[in-house]
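Engineer: Note that this note's numbering has the sequence shown beginning at 32, numbered continuously upward.
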Amino acid sequence: MMSILQTNNLTLGYGDTIIIDELDLKIPTGEITIFVGANGCGKSTLLRSLARLLKPKSGQILLEGDRVSNLSTKEVAKRLAILPQGPIAPEGLTVLQLVKQGRYPHQSWLKQWSREDEQVVNQVLEATKMKELVDRNVNSLSGGQRQRAWIAMSLAQKTEIILLDEPTTYLDLANQIEILDLLFELNEVENRTVVMVLHDLNLACRYAHNIVAIKDKKIYAQGRPEDIVTSELVRHVFNMECEIAVDSLFGTPLCIPHGKGRKVKNRKNKAIAV
């Protein structure tokens, strides 16, 4: 497994509290990797550290073989883009102005706004279906539109790696699928390496090539969803009993949680129209 991003003995924390302890992780090149785990297990903390937004207590992070700590902020931004959870745009910023900010790492005193920058911005606006909204204030958009605008800005950086912290938070089901489909297409068509934090295990299984389950400050399991997602994993990682079935549309693991709920009696299974 070729890794574009990896950690060696990485320890992360805030003050005296250790969140991630001596973690070794390899992110496969050109695949979608999704971090899963219970609330507070360190998923977002790990993602932030990969983007050099959080300094490790010990250990190192390697980006394409280079120590991230040795790279300039601008160099990191040319090779890796991150979309944090719930980003907030400055008041009055339009979609076009926001997306253009993604090109700043590629500019300098000698190289100002160029035809290439213009082409890239137009391409990502088209890909994210935001072209008709370029003059809209970012804060006036719906949740799904606003998330696409931020993703467009991240794509404008033209990096091989895209990190996203809960990109579907607060979105309805239709918008969740739309955003995840967009990221899936970017991976399929442009071979971008995508790393995400997701809470929905079933969506993680559907879209991920590689799942990293985090528990007790360590990696509990890592691999293809169909290889590692079991009722035992869910029991240990999420402290929840469940049944694991096979998704009838995609063939990926489908987690059916135990618990209370309304049971429908004497209902025959019906075929699903697709």
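Cβ coordinates follow ideal geometry from the N, Cα and C atoms, glycine included.
(1) In angstroms with no decimal places, state the Cα-to-Cα distance between R255 and A239.
(2) Measure the alpha-carbon distance for A244 versus D212 and round it to whole angstroms.
(3) May I have the straight-line CA-CA distance separating W144 from L85, to the nearest angstrom?
(4) Since R79 and V107 are thought to touch, with beta carbons under 8 Å apart, how far apart are those beta carbons, to the nearest angstrom?
(5) Among N233, L194, L204 and D203, which one has its Cα closest to the Cα of L217?
(6) Within this structure, are the beta carbons of A187 and K131 separated by less than 9 Å?
(7) When we look at the beta-carbon of A304 and count the other beta-carbons within 10 Å, is it buried (16 or more) or exposed?
(8) On the DSSP bridge list, what partners appear for D196?
(9) Starting from E209 and walking both ways along the alpha helix (DSSP H), at which residues does that stretch end?
(10) Could you spell out the range, first to last residue, of the alpha helix (DSSP H) harbouring K109?
(11) Are the segment 221 to 232 and the segment 197 to 206 touching by the rule of at least three beta carbon pairs closer than 8 Å?
(12) Determine the DSSP secondary structure at P256, reduced to helix, strand or coil.
(13) Assign R179 to one of two classes, buried (16 or more other C-beta atoms within 10 Å of its C-beta) or exposed (fewer than that).
(14) What's the C-alpha gap between A205 and I50?
(15) In this structure, does DSSP put C286 in helix, strand or coil?
(16) Below 8 Å, can you find three or more Cβ-Cβ pairs linking the segment 150 to 158 to the segment 258 to 276?
(17) Can you tell me the Cβ-Cβ gap for L127 and D166, rounded? I've got them flagged as a contact below 8 Å.
(18) In the structure shown, what three-state DSSP assignment does C72 receive?
(19) My understanding is that I192 touches V226, with C-beta atoms under 8 Å, so please give their C-beta distance in whole angstroms.
(20) Near P87, what residues of its chain come up, given a Cβ to Cβ distance below 7 Å and the 5 sequence neighbours on each side ignored?
Structural biologist: Working from what's here:
(1) What you label residue 255 is simply residue 224 of the sequence shown in a count that begins at 1. What you label residue 239 is simply residue 208 of the sequence shown in a count that begins at 1. Straight-line Cα distance between these residues: approximately 8 Å.
(2) Against the sequence shown, residue 244 aligns to sequence position 213. Against the sequence shown, residue 212 aligns to sequence position 181. Taking the straight line joining both Cα atoms gives about 22 Å.
(3) Here residue 144 refers to the residue found at position 113 of the sequence shown. Here residue 85 refers to the residue found at position 54 of the sequence shown. Straight across, the Cα-Cα distance linking W144 with L85 is about 30 Å.
(4) Counted from its first residue, the sequence shown places residue 79 at position 48. Counted from its first residue, the sequence shown places residue 107 at position 76. Here R79 is actually not in contact with V107; their C-beta atoms are around 13 Å apart, not less than 8 Å.
(5) Residue numbering aside, residue 217 sits at position 186 when the sequence shown is read from its first letter. If we check each option's Cα against that of L217, L194 comes out closest.
(6) Here residue 187 is taken as the residue at index 156 of the sequence shown, counted from 1. Here residue 131 is taken as the residue at index 100 of the sequence shown, counted from 1. For the 9 Å CB-CB criterion, A187 and K131 form a contact.
(7) Walking along the sequence shown from the start, residue 304 turns up at place 273. Note that A304 scores a pLDDT of 44, beneath 50, so its modelled location is shaky and nothing firm can be said.
(8) Within the sequence shown, residue 196 is the residue found at index 165, counting from 1. Within the DSSP secondary-structure output, D196 pairs in a beta bridge with V228.
(9) Position 178 of the sequence shown, counting from 1, holds the residue named residue 209. Unbroken alpha helix (DSSP H) run through E209: L204 to E221.
(10) By 1-based counting over the sequence shown, the position of residue 109 is 78. Residue range T104 to R110 is occupied by the alpha helix (DSSP H) that includes K109.
(11) With contact defined as three or more Cβ pairs closer than 8 Å, the segment 221 to 232 and the segment 197 to 206 are in contact.
(12) Within the sequence shown, residue 256 is the residue found at index 225, counting from 1. Of the three classes helix, strand and coil, the one that applies to P256 here is helix, per DSSP.
(13) In the sequence shown, residue 179 corresponds to position 148, counting from 1. Burial state of R179 is buried, judged by a 10 Å Cβ sphere holding 16 or more other Cβ atoms.
(14) For the purposes of this step, residue 205 is taken as residue 174 along the sequence shown, with counting starting at 1. For the purposes of this step, residue 50 is taken as residue 19 along the sequence shown, with counting starting at 1. Distance between the alpha carbons of A205 and I50: 33 Å.
(15) Taking the first residue of the sequence shown as position 1, residue 286 is located at position 255. Here C286 sits in strand by DSSP.
(16) No, because fewer than three Cβ pairs between the segment 150 to 158 and the segment 258 to 276 fall closer than 8 Å, the two stretches do not touch.
(17) By one-based count along the sequence shown, residue 127 stands at place 96. By one-based count along the sequence shown, residue 166 stands at place 135. Distance from L127 to D166 at the Cβ level is roughly 7 Å; contact confirmed, criterion being Cβ atoms closer than 8 Å.
(18) Taking the sequence shown and counting its residues from 1, the one referred to as residue 72 is at position 41. Judged by DSSP in its simplified three-state form, C72 adopts coil rather than helix or strand.
(19) Here residue 192 is taken as the residue at index 161 of the sequence shown, counted from 1. Here residue 226 is taken as the residue at index 195 of the sequence shown, counted from 1. With a beta-carbon spacing of about 7 Å, I192 and V226 fall inside the 8 Å limit used to define contacts.
(20) The count along the sequence shown starts at 1 and reaches residue 87 at position 56. Beyond the five residues adjoining it in sequence on each side, P87 comes within less than 7 Å, by CB distance, of L41, T42, L43 and S80 in the same chain, given in chain order.
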